[in-house]
Amino acid sequence: MSGILESPARLNEPTPEQDASREVEARQLTVALAGNPNAGKTSLFNALTGLRQKVANYPGVTVERKEGVWTLQPELAPARLIDLPGLYSLDAASIDEQIARDVLTGRIERIPLPDVVVAVVDATNLERNLYLVMQLLETGRPLVVALTMMDMCERAGLEIDVVQLSKALGVRVVPVASKQRRGMDTLAEAVLQTASENRPTGATWRLSESAERELSALAAVDTDDLQDKGDDDATRRARAMRELYAEELPSDDARRDAVLEARARLATNATDWWQEPLLARYDWIERVAAGVVRRSDAGQSQRPSTTSLIDRFVTHKIFGPAILFLVTLVIFQTIFSWASLPMDLIDAGFGTLGEAVRARLAPGLLTDLLVDGVIAGVGGVLVFLPQILLLFFFIALLEDSGYMARAAFLMDRLMRGVGLHGKAFMPLMSSFACAIPGIMATRTIENPKDRIATMMIAPFMSCSARLPVYTLMIAAFFSGQKTLGFVSVGALIIMSMYLLGIVVAIVVAWILKHTILKAPPPPLVLELPPYRVPALLNIVETMRERAWLFLKRAGTVILTISILLWALITFPRSEATPVPSVSESAGVQAMRETGVEARGESVPATDAAPEEVTRRGEQVRQSFAGRMGRLIEPAIAPLGFDWKMGIGLIASFAARETLVSTLSIVYNVGAETDEASPSLIDAVRNAKRPDGSPAWTPLVAVSMMVFFVLACQCMSTLAVVRRETNSWRWPLFMVGYMLVLAYIASFITYQGGRLLGFS
Amino acid sequence: MKEFANKEKEAGTTNRRVGTTTLDVLPTGLAARVVAVDGEGAVARRLMEMGVVPGAPVRVIKAAPLGDPLEVRVRGYHLALRRAEAHTIIVIPRES
């Protein structure tokens, strides 16, 4: 079964031809960086490019495309360095691996065929890392190996013969230490030399006779693709290998039939024919490793490693979950409460900025658009930055240190129960603070279906934006009430709301995974990498990257919707509101200057300028939003809501907490009150329906809270889902099904409550 | 020919050779070698790509707190996999 091995191509003494190297110096080189996850690829990429890198998506897919500029030598044109996704192999059908293969064969738009491929190889884990190197050799592209973690090798009592490894592989091997920036110049030199030689590599092992026959036959036939016509033997062989043994079949019919026939012929000889190249590669790798790796001290390697010692606690039956709980608590606490300080600052800053602009410009529509639409919108985008930065600080820290894989290991059994992956745990946890960074964090889940299922349920986790709504409802109707003598009813209700979100999320995940996102439970084959001290540069880079992506992609959508919503509550201009006279606008200024925009201070705005507040209330009631509120009243009446609440629901589509400020405007309390403001609480308690009965009752309040738990009233979440899934399909589906669920649940709550005699 | 293939498959799910067992029931801490990966498709391929091929040394380090997945040491690194996946890996304990 095992293949007949040929000795690998020897590395010739480098004889760089002057012409070739001059040609290389003149143009920009394209270098692709490939390597196993956790091999130190990101660290090397960051060390080589510094902060000169950009992130985008590959066309049509959500795989991230990272690219940077690498100064090989100061006097030469810097190279384009393309960071491929972390991979174990080029064969399987995952999108990441497909993309990597397309880059390596020059099939991605606007990325030229790489001149040199740099394979990042973890020296402590040589055998598994060499598997990808083998496949890279087979593609025939010029290759350089960057050997990382040499210091760890030493500590583990392993010695790697670099010269021997280079000879065995037939390519240059350069040990690097990214953090200390050692080996960077040597690596650049090796890349330049390899590029100027342009000597193709190739397969260095052979399969059984029958398999080789099939391979040669397939390689000899031209494909339909014109691009492939001029391919050399190594490339042809590599393509035939891929077609014969990889998961996906070639697209054109004749070729597919040829491949299927070849497979059938091989299968008659041995059922596990497909394992042959895998075994042949590992067979070859083991021989290379045997000649290259030496255990310098047998006694030392018997000692448990630091990682094993740490894991005795971190994945311990009792301590493991306890530590995970603590870690989650710290993250939760940070995004939930420590982020509120910078968030309030941003909020107040944009409030002040808006008022400053308003004070300087002539009052009118344009000023309103600028202040209430644009400035408020930009503020509404930036206000998420502290949470995103903090969450990704933690995520990068946990990923880089190796803890994230342990969290998935601990949680996998539970997550599997609803058909999700262990890796879904962290994104869902973070969604309790805010679904936006949570959804962005689902990137660690490889399988697209599992990733989308996780995104779809993330908004059910009660985020911090729901708290102002819960707080207002509880302050108005349940404050000071106790049950069983000591348990506050308010606390009990808030807890029930969190639980409701979790239970619905579990049920929905289960349903999604058994219907539209039907897929077998994702297999878990997850490396538990050794613990490492995280590199600050990697963490900073991750935070910068995430913040930038959010601003660029989600930010524009949020800004657009916020201007749209402004227009909805501004137009048509109410006839009762002539252009504000000088005295009126002075009244506005007086109101602003009393400092009512500072949150947490409950200066009743009514004291400042009652007519102005009434005017704004009148304006909103007359606006499109107001009309829409009346329009939807028949639909929301069964939930216990009247049209004024309808306006709040429409406005809160922008962001949930907007309900509070919208209700304030509608009830003539003034926009700048918060959820704890006594005047707003009174207004809510005293609001009447046309027939004189109270608009709000405790039951209406509960129904409203249930609606807020389940409805996806957050345009930022939708914008992020749009960005992460690269289409409007999923965000629209999300807002739709969550709205239906929210409606049904509120309906049951209100009507059921009334049947049970509550009011 | 087909009959032969079926027999092969049957033999794979039980013990292929005297003394072999599957990785999910291998006692924790006991050193073993992979005899075969019994299974097809993406998971079997991924396992083999990651070095779980016949001859590779394996050892179960521990089970997660809820009993599943398992932490396994193979070729000097640590891998988490579910019992269902571990069941497809046939191993033979190494003589001490």
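Chains A and B supply the protein sequences, listed in that same order.
According to the numbering used here, the first sequence is numbered sequentially starting from 1.
According to the numbering used here, the second sequence is numbered sequentially starting from 1001.
Just so you know, even glycine gets a beta-carbon here, dropped at the ideal spot from N, CA and C.
At a beta-carbon threshold of 9 Å, none of the residues of chain A lie near ALA1086 (chain B); the nearest stands roughly 10 Å away. Note on THR268 (chain A): under 16 other CB atoms within 10 angstroms of its CB, so exposed under the neighbour-count rule.
Listed by position along chain A, the residues whose Cβ is nearer than 7 Å to that of LEU1081 (chain B) are LEU524 and VAL525. A Cβ-Cβ contact shorter than 8 Å links PRO114 (chain A) with LEU104 (chain A). The C-alpha of GLU399 (chain A) is placed about 39 Å away from the C-alpha of MET704 (chain A). Within the stretch 307-322 of chain A, THR315, LYS317, GLY320 and PRO321 place their CB atoms closer than 7 Å to a CB of chain B, listed in sequence order. GLY354 (chain A) places its beta carbon 8 Å or farther from that of SER562 (chain A). Neighbourhood of LEU517 (chain A) in chain B, by CB distance below 7 Å: empty, with the nearest CB roughly 18 Å away. Taking a Cβ-Cβ threshold of 9 Å, none of the residues of chain A is close to ASP1024 (chain B); the smallest such distance is about 13 Å. In the DSSP assignment, TRP70 (chain A) forms a beta bridge with A:ALA79. When DSSP assignments are scanned along the stretch 80-128 of chain A, the uninterrupted stretches of alpha helix (DSSP H) that are 4 or more residues long and fall wholly within it turn out to be 95-104. One alpha carbon belongs to TYR531 (chain A), the other to ILE474 (chain A), and they sit about 46 Å apart. Here the alpha carbons of ALA433 (chain A) and GLY422 (chain A) stand approximately 20 Å from one another.
Assignment of TYR531 (chain A) by DSSP, reduced to helix, strand and coil, places it in the coil class. In the structure shown, the three-state DSSP call for ILE457 (chain A) is helix.
ASP91 (chain A) has a beta carbon lying within less than 8 Å of a beta carbon in chain B.
Chain-order list of chain A residues neighbouring ALA1032 (chain B): empty, with the shortest C-beta distance near 17 Å, by a criterion of under 8 Å. DSSP lists A:ARG80 as the bridge partner or partners of THR30 (chain A). Closer than 8 Å to the CB of GLU127 (chain A) there is at least one CB belonging to chain B.
A Cβ-Cβ distance of about 6 Å is found for the pair ARG181 (chain A) and ALA47 (chain A), placing them in contact under the 8 Å criterion. According to the DSSP secondary-structure assignment, GLY35 (chain A) is paired through a beta bridge with A:VAL120.
By the CB criterion at 8 Å, PRO78 (chain A) and LEU72 (chain A) fall inside the cutoff. Taking the CA atoms as reference points, LYS179 (chain A) sits about 31 Å from TYR282 (chain A). Distance check between PRO304 (chain A) and each of B:VAL1035, B:ARG1073 and B:VAL1053 places B:ARG1073 closest, using alpha-carbon atoms only. For the pair LEU528 (chain A) and LEU1079 (chain B), the CB atoms are nearer than the 8 Å cut-off. Residue nearest to LEU309 (chain A) within the set B:ILE1061, B:GLY1055 and B:LEU1066 is B:ILE1061 (criterion: CA-CA distance).
TRP548 (chain A) counts as exposed, since fewer than 16 other C-beta atoms from the protein chains shown sit within 10 angstroms of its C-beta.
Contact of PRO1065 (chain B) with chain A by beta-carbon distance below 9 Å involves THR315, HIS316, LYS317, ILE318, GLY320, PRO321, LEU410 and ARG413.
Assigned with DSSP and collapsed to three states, LYS317 (chain A) falls in coil, not helix or strand. Looking at A:GLY753, A:LEU467 and A:MET440, the one whose alpha-carbon comes closest to that of SER716 (chain A) is A:MET440.
Interface criterion not met: the Cβ of VAL1058 (chain B) is under 8 Å from no Cβ in chain A. Nearest neighbour of ARG406 (chain A) by Cα position, chosen from A:ILE323, A:LEU369, A:LYS449 and A:ILE681, turns out to be A:ILE323. When C-beta distances to chain B are compared with 8 Å, the residues of the stretch 120-148 of chain A below that value are THR124, ASN125, GLU127, ARG128 and TYR131, in chain order. Per DSSP, LEU639 (chain A) is not a residue of any beta strand (DSSP E), being assigned neither H nor E. Scanning chain A for C-beta atoms nearer than 7 Å to the C-beta of VAL1053 (chain B) yields LEU278, LEU279 and TYR282, reported in chain order. In the assembly as shown, ILE318 (chain A) is an exposed residue. Its beta-carbon has fewer than 16 other beta-carbons within 10 Å.
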